[in-house]
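Peer 1:
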Amino acid sequence: MSRVLDGVAASGGVAVGPIHHYRDDLPALPDGRPEDIDAEVERFRRAVEAITAHLARLEETTRANVGDEAAEIFAVHAMILEDPSFLDPIEEEIRQNGVWAEVAVSHTAERVAAEFAELGDEYFAARAADIRDLGNQILRELFGIGPPNLADLRVPSIIVAHDLTPSDTALIPPGMALGFCTMVGSAVSHTAILARSLGIPAVVGIGEFNEVDGTTAILDGDAGTLVLDPTEEEVAAARAEIERRAEERAEAVAHAAEPAVTIDGHMVEVVANVGGVEDAERASEAGAEGIGLVRTEFMFLDRPDLPDEDEQVEAYRAILRPFPTGPVVFRTLDVGGDKQIPAVEIAPELNPFLGKRGIRLTLAETSIFRTQLRALLRAGAGRPVQIMFPMVASPAEVRAARQILDEVADELDRSGVERADEVDVGVMIEVPSAAVMADLLAEEVDFFSIGTNDLTQYTLAVDRTNPVVAPLADALHPAVLRLIRQVVEAAHEKGRWVGVCGELAGDTLATPVLVGLSVDELSMSPPAVPLVKSRIRSLSREVCRELARQCLDADDPAQVRDLLASVS
Amino acid sequence: MDRAEATVVVTNEVGLHARPAALFVRKAKEFESAITVQNLTRNGEPSDAKSPLQVIKAAIAQNHEIRIVAEGADAQEAVDALVDLVETELA
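If you read the protein sequences in the order shown, they are chains A and B. As numbered in our numbering, residues 1 to 568 make up the first sequence, in order. As numbered in our numbering, residues 569 to 659 make up the second sequence, in order.
#1: Measure from the C-beta of His585 of chain B to each C-beta in chain A and report whether the shortest distance is under 9 angstroms.
#2: Restricting to runs no shorter than 4 residues, where is the alpha helix (DSSP H) found entirely within the region 401–474 of chain A?
#3: Starting from Asp6 of chain A and walking both ways along the alpha helix (DSSP H), at which residues does that stretch end?
#4: With three or more beta-carbon pairs closer than 8 angstroms as the criterion, would you say the region 161–175 of chain A touches the region 19–28 of chain A?
#5: I'd like to know if Ser367 of chain A contacts chain B, where contact means its C-beta is closer than 9 angstroms to some C-beta of that chain.
#6: Phe300 of chain A by DSSP, collapsed to three states: which one?
#7: Could you check what DSSP says for His54 of chain A in three-state terms: helix, strand or coil?
#8: So that I know if they touch, is there some Cβ in chain A lying closer than 9 angstroms to that of Ile634 of chain B?
#9: The region 621–633 of chain B: which residues have C-beta closer than 8 angstroms to a C-beta of chain A, in chain order?
#10: Between A:Gln96, A:Glu345, A:Asp25 and A:Val425, which has its C-alpha nearest Asp38 of chain A's C-alpha?
#11: Identify the residues that DSSP records as bridge partners of Asp181 of chain A: which are they?
#12: Would you call Val468 of chain A buried or exposed, if buried means 16 or more other Cβ atoms sit within 10 Å of its Cβ?
#13: Measure the alpha-carbon distance for Ala256 of chain A versus Arg249 of chain A and round it to whole angstroms.
#14: Quick check on the DSSP output: the beta strand (DSSP E) that includes Asp553 of chain A runs from which residue to which?
#15: Would you give the residue range spanned by the beta strand (DSSP E) that Val235 of chain A belongs to?
#16: Does DSSP classify Pro18 of chain A as helix, strand or coil?
#17: Following the continuous alpha helix (DSSP H) through Gly516 of chain A, name the residue where it begins and the one where it ends.
#18: Tell me the rounded alpha-carbon separation between Val578 of chain B and Ser601 of chain B.
#19: Between Cys544 of chain A and Val513 of chain A, is the Cβ-Cβ spacing less than 9 angstroms?
#20: Show which residues of chain B have a CB atom less than 7 angstroms away from the CB atom of Met79 of chain A.
#21: Taking one C-beta from the region 639–651 of chain B and one from the region 588–607 of chain B each time, how about it: are there three or more such pairs within less than 8 angstroms?
#22: Along the beta strand (DSSP E) that carries Ala602 of chain B, what are the first and last residues, could you check?
#23: So that I know if they touch, is there some Cβ in chain B lying closer than 9 angstroms to that of Phe143 of chain A?
#24: Could you tell me the distance, in whole angstroms, from the CA atom of Val392 of chain A to the CA atom of Gly426 of chain A?
#25: Over the uninterrupted alpha helix (DSSP H) stretch that includes Ile319 of chain A, give me the two end residues.
#26: What is the DSSP secondary structure of Met267 of chain A, reduced to helix, strand or coil?
#27: Measure the C-alpha to C-alpha separation of Val227 of chain A and Thr296 of chain A and round it to an integer number of angstroms.
#28: Is there at least one non-hydrogen atom of the ligand MN closer than 8 angstroms to the beta-carbon of Lys356 of chain A?
#29: Does Val637 of chain B get closer than 9 angstroms to chain A when you measure Cβ to Cβ?
#30: Please look up how many angstroms separate the CB atoms of Cys551 of chain A and Leu563 of chain A, rounded, as I've assumed it's under 8 angstroms.
#31: Measure the Cβ-Cβ separation of Gly13 of chain A and Gly179 of chain A and say whether it is below 9 angstroms.
#32: When you check each C-beta in the region 69–103 of chain A against every C-beta of chain B, which residues fall closer than 7 angstroms?
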């Protein structure tokens with residue numbers, strides 16, 4: 001009999017395969033006392049040497065695959081492993097108390113970590129986590145179980161974990177992850193974004209999980225379910241569905257480079273959301289005509305310091321490179337909410353999604369903002385470039401941001417630095433007030449990009465990271481569609497263009513209503529590009545317009561979904 | 569034994585945290601002298617400049633004033649090099 005675990009759908013698609021339960025928990029500490037204390041100290045020293053060597057390899061791999069700055073964290077870890085104030089107390093405890101190395105490491109790491117955690121702020125909390133992490137690595141070495149590692153995965157599997165971080169996923173060999181399933185996490189977590197960019201399904205927030213490795217399961221990234229021990233019929237149905245999607249995809253990919261024009265001759269620009277240089281290359285290969293959203297946070301996450309101007313210029317140029325003529329929309333640093341970066345301290349907030357995030361943060365931390373704007377202007381020298389501000393709630397914020405942009409441009413001109421002179425400025429429409437005031441915002445900017453994920457959670461008052469209510473955060477809610485219509489009408493009135501860059505843009509079910517609402521540009525994860533293009537080519541704009549009218553009159557998302565499901 | 573000291577203001581945006589702290593410690597380790605760093609702005613105790621954990625714990629942020637003290641054969645050289653690091657490379 002199959003069992004179904006419910007979670008939150010985070011990346012579409014279906015996978016069938018064995019479960020690989022990725023865990024980093026440790027065995028219990030050994031009882032009793034060692035006989036040979038010198039041997040115990042020696043065992044501890046060898047474990048530290050092994051971890052130091054492991055860190056050096058990680059540093060090297062990361063330097064080659066990600067970059068110098070990202071690799072530094074491993075160098076810092078290696079330095080802590082040389083720190084007498086960490087190592088000496090461990091050796092002392094082994095000698096003085098006559099305990100096993102495991103016991104001494106566990107106690108000392110916990111004590112030193114607690115000292116850091118007590119210092120209070122988030123930065124020290126992160127260092128406490130580093131120390132615990134190092135302690136656990138030494139313990140695993142002492143226990144002889146090695147680092148928890150997805151690099152050794154040899155069977156294509158559905159990876160189930162408590163949560164996954166970039167350092168967990170960086171080492172997965174290509175093709176070995178059939179899908180991701182996490183016990184915690186949200187539709188906007190690292191896991192979800194990575195899965196969408198790999199084009200594999202993901203379900204997050206399934207709660208406690210204690211299954212044996214190798215158990216067969218079906219992961220349904222659209223329904224948000226993990227089916228354990230499925231029946232033969234269920235497996236056959238899932239395989240048929242995977243087959244059908246693969247055929248559909250192959251057909252779409254064959255035509256990916258062709259434009260997306262409806263049967264009645266209306267063209268829609270199909271572009272990609274990217275979170276890094278590799279994504280940009282993948283987007284170009286997938287047939288994206290440009291980039292509708294560069295999440296510049298990628299440069300700021302998972303590192304203790306801030307990227308400097310030159311480093312940013314280099315990364316932005318690399319993202320522009322695959323699109324010499326197409327539009328490339330850079331969203332300025334969008335942190336806060338559920339995305340924190342170590343280098344920027346945000347006081348703990350009761351409601352981070354309603355807190356200091358996006359433009360609110362960059363207007364307060366102007367030195368970070370200025371550095372980023374300088375880098376964007378420099379990177380865009382000699383070509384058009386688009387800059388977009390996130391979390392705007394009112395026109396005054398746009399004016400403040402534009403003023404800083406102008407100042408930065410003047411500075412560059414005065415120092416004779418080459419910079420972009422064709423700069424379009426836009427805002428994300430994700431706060432309901434921005435949608436309501438779109439007519440006034442349109443006077444301040446060149447374009448809008450509707451972030452349907454946040455617009456939905458704010459409009460419907462649903463925390464999309466809370467698995468209990470997340471299913472209510474349906475972007476096809478008529479209220480969200482009405483806001484989209486309002487934004488498009490206000491923008492077109494002033495001759496501005498409108499894109500949609502939320503998940504809705506990459507969902508082929510939603511394509512007809514977005515085309516019908518006269519959205520000019522759809523921006524999505526690269527793997528969705530060929531599918532959405534192919535969907536647009538099958539549609540008539542006139543039919544879509546009528547359909548959109550019906551959707552706007554629906555009174556709940558289920559009705560909208562029924563209407564959309566009826567489109568051939 | 570030689571002794572040298574200097575006070576300097578940290579201008580680096582993230583202070584002496586993480587990577588800058590690592591660079592600071594790496595530099596300190598190049599010298600024989602015993603070296604301490606003290607966060608004057610926070611009325612901190614002197615910390616071992618060769619211990620990354622101690623340096624990180626000194627919670628040295630942007631605009632904090634720090635005192636660097638070295639004792640040993642190359643004390644003056646050590647202080648000069650660390651001040652130079654803070655004022656130029658980490659500025």
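From the three backbone atoms N, C-alpha and C, an ideal C-beta is built for every residue, glycine too.
Peer 2: Checking against the coordinates, here is how it stands:
#1: yes
#2: With a minimum length of 4 residues, the continuous alpha helix (DSSP H) runs that stay inside the region 401–474 of chain A are 432–436, 438–441 and 452–460.
#3: From DSSP, Asp6 of chain A is part of no alpha helix (DSSP H) but of the beta strand (DSSP E) over Arg3 to Asp6.
#4: yes
#5: Interface residue, yes.
#6: coil
#7: Correct three-state label for His54 of chain A: helix.
#8: no
#9: Leu621, Gln622, Ile624, Lys625 and Ala627
#10: In terms of Cα proximity to Asp38 of chain A, the closest of A:Gln96, A:Glu345, A:Asp25 and A:Val425 is A:Gln96.
#11: Reading off the sequence, residue 181 of chain A comes out as Cys, not Asp. Answer by DSSP bridge pairing, in chain order: A:Val160 and A:Val203.
#12: exposed
#13: Between the C-alpha atoms of Ala256 of chain A and Arg249 of chain A there is a straight-line separation of about 10 angstroms.
#14: From DSSP, Asp553 of chain A is part of no beta strand (DSSP E) but of the alpha helix (DSSP H) over Arg541 to Asp553.
#15: Unbroken run through Val235 of chain A is the alpha helix (DSSP H), Glu232 to Ala254; no beta strand (DSSP E).
#16: strand
#17: Thr511 to Gly516
#18: 22 angstroms
#19: yes
#20: Ala590, Val593 and Pro620
#21: yes
#22: From DSSP, the beta strand (DSSP E) with Ala602 of chain B extends over Ala602 to Asn607.
#23: no
#24: Looking at the backbone, the Cα of Val392 of chain A and that of Gly426 of chain A are separated by about 10 angstroms.
#25: Glu309 to Leu320
#26: strand
#27: 36 angstroms
#28: By its list of ligands, the structure shown contains no ligand whatsoever, and the ligand MN lies outside what it can speak to.
#29: Using beta-carbon distances, Val637 of chain B does not count as an interface residue toward chain A, since no partner is under 9 angstroms.
#30: 6 angstroms
#31: yes
#32: Glu72, Ala75, Val76, Met79, Ile80, Asp83, Pro84, Ser85 and Phe86
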